[in-house]
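Residue numbers (my numbering), protein chains in the order written: chain W, 56 to 319; chain H, 56 to 319; chain C, 56 to 319; chain E, 56 to 319.
To keep things clear, I will list the structure first and then write my remarks on it.
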């Protein structure tokens with residue numbers, strides 16, 4: 056057995072997988088504890104040490120899996136995901152890269168790639184994305200057109216909501232989620248009474264489009280389910296058996312007939 | 056007829072079931088009345104007496120059912136549910152256990168186990184839970200990662216929302232339900248203008264995940280329904296009849312053929 | 056042709072139906088105009104006259120339809136609906152019955168019974184109600200138990216939300232719709248930090264139950280649709296034709312065989 | 056090749072389509088930039104020139120497509136849509152028509168007609184509209200009746216929400232979307248305690264109706280999908296093959312029988 060085969064055996068062992076999951080969970084909890092100034096003051100050294108150990112474990116783990124798989128390693132997008140998440144942590148997080156320290160918690164997302172059932176769920180979610188792209192683009196177009204119109208019409212009336220295009224885009228995203236839209240609308244309507252036309256039309260159109268976005272996802276989920284489960288009707292199966300026996304009997308009949316003339 | 060059989064007959068009688076339901080309803084109403092200081096002052100003795108009588112009835116009822124079923128009693132989770140709910144009431148509700156007095160109203164939930172149609176509905180609801188567990192775990196992971204990031208980035212900016220990890224978890228649960236998220240986001244964005252990226256991304260991801268959680272429930276509900284109803288296509292049934300008659304006729308033909316040579 | 060037959064012909068004429076719809080619409084608009092003090096001051100007499108004329112038309116219409124149908128009239132629930140709505144308007148609307156004047160606008164709902172497509176839609180909606188009753192009862196039970204618990208725990212802390220049982224029921228209905236629940240929860244949590252457990256659990260349970268209520272409606276709607284559309288698979292139909300021809304051919308074969316011995 | 060055929064070839068070329076899409080996108084971005092006073096001050100001339108060039112391109116494009124297609128051009132509703140959107144921009148946008156300048160951004164919606172996948176999505180969305188019309192009309196009727204009742208009962212109590220019929224219609228639309236309904240309800244209930252009956256009933260009825268509106272859309276979407284995909288069960292196909300071979304064999308048997316008597 057070559058060294059590579061021995062490594063492959065190691066990384067595929069259930070114990071190895073479970074150990075990695077455990078390290079991810081411990082690391083995620085430690086990073087959660089780091090958000091508490093009190094815990095950081097008391098056990099800061101321990102938490103940082105835990106973080107460095109976890110990072111070391113991940114680097115070794117990914118190196119082993121890469122060695123075991125060879126070039127095929129990079130063909131699996133989940134491996135790229137793992138490598139990217141761990142790789143980010145190796146960038147020196149100082150100066151302009153300070154925000155990268157915050158992203159260390161993204162390592163908790165490695166739970167997704169490490170646990171097969173989570174991986175399946177996320178794959179299923181992602182597989183619904185392409186079917187949504189056209190409706191999502193349409194929704195983006197509607198929000199953009201609405202934002203340009205709203206900025207033109209209401210920027211003087213309610214500058215905190217529609218002051219510039221960015222503001223309007225955020226406000227219309229908010230209205231689309233149905234959050235506090237009446238506050239926005241009533242403030243604008245104080246000055247521009249006919250603004251209700253804009254808001255009611257916008258809500259009707261976006262709600263209808265979002266609904267269809269959701270339906271597209273639901274339909275594709277159900278189809279996948281139905282296609283996977285589609286099994287022939289048991290009666291049809293039974294019928295097939297009957298017809299096959301019928302053919303057998305007919306063949307016997309022909310054989311008998313073929314023997315008969317000789318016997319008569 | 057043994058004593059146990061006679062008890063079993065008693066507890067299975069529809070009248071017994073109905074009487075228990077009536078006691079549960081009366082007890083629930085009495086506990087509702089107890090929340091009113093005025094009613095408590097006027098009829099407090101009556102309400103407490105009703106409560107104690109109801110409790111006594113439940114204890115006797117469960118004891119009888121336990122006796123009637125023997126050890127099989129504990130195998131039905133609904134019986135465990137009943138026993139636990141009634142058992143809690145027997146703990147002396149003083150001192151640290153004062154909150155247990157509040158839980159007496161949970162006895163009203165015994166309606167679920169006492170009425171068959173409610174029991175079926177709840178069983179159906181619970182049967183959808185395992186199918187949700189992976190997506191629910193994913194959602195929990197997303198909220199946790201979001202909370203750690205938000206605490207790191209916004210704890211200084213909006214301490215009432217993101218002051219510590221617990222606070223952030225609650226706020227992000229609130230944002231996930233779409234409740235007043237724009238208040239939170241606008242307050243943070245006053246200080247950190249690019250915070251909109253976090254909120255829009257978080258809302259998009261959680262909405263999409265929750266949607267898929269709902270679809271998973273809906274799909275499993277529909278499947279259960281479809282599987283229960285699946286009956287063979289009537290045309291296929293008709294076809295099966297035709298093919299069977301055909302086989303019969305062919306058999307008769309063979310029989311005729313077999314007789315024929317002898318007769319010719 | 057008897058008088059009754061002639062009346063039946065009249066009330067079934069499309070023109071009669073259309074005239075009634077027109078009167079309903081005019082009456083609804085007139086009642087809408089009556090809400091404006093300015094219009095009422097200007098054209099009050101006209102509006103009241105329109106209302107009385109419409110009422111007279113409805114009374115005559117229902118009397119004619121009743122006469123035309125005889126006792127069968129009362130068997131159709133839509134006719135009972137029409138009669139009740141018009142009958143209410145004949146009660147003298149003075150004193151304690153003043154609120155009944157407000158209910159005159161309910162006559163606009165006669166549009167539902169007068170337009171067949173609306174009638175079908177409402178029938179379809181109502182047919183979904185029985186399938187919802189068990190889950191709706193469960194939801195009511197959950198809200199009631201929640202309200203008793205909340206009143207006990209929070210009545211001192213947030214009396215405007217949980218002051219008494221009625222208050223709590225309304226507040227929990229509000230929380231169930233997801234409306235401003237964080238305002239309620241944050242106010243309570245100021246005093247009772249662990250109240251988040253109650254709110255998160257309550258929202259999770261009611262959202263899940265409401266979702267299943269919706270799914271029950273959706274599933275029953277789809278089933279009705281599917282059942283209505285279910286038509287045999289065309290291939291199965293084709294197959295049935297093949298098998299029938301096969302039987303015919305086999306029968307011919309037997310007939311030939313029966314003739315053959317005589318001919319040989 | 057006639058001039059018309061050459062033009063037809065030109066407008067059908069993928070390059071032509073892509074160029075039009077590019078002009079639409081550039082025009083939309085330019086119109087977005089125009090909302091910024093700072094960008095308008097700096098590059099106003101460029102932006103206006105871009106707008107005029109884009110408009111000229113659209114006029115030429117539509118003229119060419121019209122010439123290429125002849126009278127059939129106006130039979131395609133998408134062409135009417137394009138023509139109307141571009142035509143609006145040719146109206147002199149001064150005085151009372153000043154608002155038309157704002158509508159120039161609607162040209163961005165030409166992306167829908169210019170990109171086939173967007174066109175399909177919008178066609179699919181619009182095809183769901185007729186199936187919704189009856190329920191939408193019912194919803195409109197419910198909101199109207201609710202608004203008349205609310206104006207009568209609450210106009211004195213909460214004039215900012217229910218002051219006149221228009222106000223009430225807007226407020227009830229807001230309540231229907233579930234937005235800040237508790238603010239409205241609590242303000243009214245301060246004066247009219249029993250108003251909760253109105254709000255709870257209104258929310259229950261409209262939520263149920265809206266849900267059914269959504270289900271109608273979802274069901275029709277799924278049906279369309281299912282109808283498009285419906286393919287015969289593979290087992291049934293197999294069965295059909297078996298039965299056909301069976302018939303063939305039976306026919307051979309008859310042929311043999313027909314030869315046999317002559318040979319015996």
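Just so it is clear, CB atoms sit at the ideal spot from N, CA and C, and this is done for glycine as well.
Check	Outcome
Through-space distance from residue 214/C to residue 219/E, alpha-carbon basis	33 Å
Span separating the alpha-carbon of residue 206/C from that of residue 217/C	5 Å
Own chain residues within Cβ distance below 6 Å of residue 209/W, not counting five before or after	217 and 243
Residues that residue 160/W contacts on chain H, provided the C-beta gap is smaller than 7 Å	200, 203 and 204
Test: residue 299/W CB closer than 9 Å to a CB of chain E	yes
For residue 185/H, the three-state DSSP class (helix, strand or coil)	helix
Residue 212/E - DSSP class collapsed to helix/strand/coil	coil
Close Cβ partners of residue 167/H (< 7 Å) along its chain, the five nearest in sequence each way excluded	173, 174 and 177
Neighbouring residues, chain H, relative to residue 163/W (Cβ below 9 Å)	196, 199, 200 and 203
Rounded separation between residue 202/C and residue 259/C - CA only	16 Å
Listed by chain order, chain E residues near residue 312/W by CB distance under 9 Å	308, 311, 312 and 315
Below-9 Å beta-carbon distance, residue 207/C vs any chain H residue	yes
Where residue 116/C falls, given that 16 or more other Cβ within 10 Å makes a residue buried	buried
Partner residues on chain C for residue 219/E, Cβ-Cβ distance less than 8 Å	90 and 91
As assigned by DSSP and simplified to three states, the class of residue 68/E	coil
Status (buried if at least 16 other CB within 10 Å, exposed otherwise) for residue 35/E	Chain E is shown from 56 up to 319; residue 35/E falls before or after that span and cannot be answered.
Sub-9 Å separation of residue 309/H and residue 308/W beta-carbons	yes
Span separating the alpha-carbon of residue 111/E from that of residue 95/C	54 Å
Buried versus exposed call for residue 234/W [16 or more other C-beta atoms within 10 Å across all chains shown]	buried
Per-residue burial, residue 318/H [other beta carbons within 10 Å of its own, 16 or more giving buried]	Annotation note: pLDDT 45 at residue 318/H (below 50); position unreliable, coordinate value reported separately. Counting Cβ neighbours within 10 Å, residue 318/H comes out exposed, since fewer than 16 surround it.
Same chain, Cβ closer than 7 Å to residue 251/C, five either side skipped, listed in chain order	240 and 244
is_contact[residue 172/E, chain W] using C-beta, thresh 9 Å	yes
Cα-Cα separation, residue 270/C to residue 191/E	21 Å
Residue 243/W at chain B interface by Cβ criterion, 9 Å	No chain B appears in this structure, whose protein chains are W, H, C and E.
Bounding residues of the alpha helix (DSSP H) (the contiguous stretch that carries residue 120/C)	92-124
Beta carbon proximity, residue 233/E to chain C, threshold 9 Å	yes
Cβ-Cβ distance between residue 139/C and residue 67/C below 9 Å	no
Length of the line joining the Cα atoms of residue 268/H and residue 187/H	6 Å
Any C-beta of chain C under 9 Å from that of residue 267/E	yes
Whole-angstrom C-beta distance between residue 212/H and residue 164/W, which should lie under 8 Å	Rounded, the Cβ-Cβ distance is 25 Å, inconsistent with contact.
Per-residue DSSP class, three states only, for residue 57/W	coil
Separation of residue 238/H from residue 249/H, as counted between CA atoms	16 Å
CB contact below 9 Å: residue 167/E versus chain W	yes
Unbroken alpha helix (DSSP H) run spanning residue 218/C, endpoints	Segment: none, residue 218/C is in no alpha helix (DSSP H) and carries neither H nor E.
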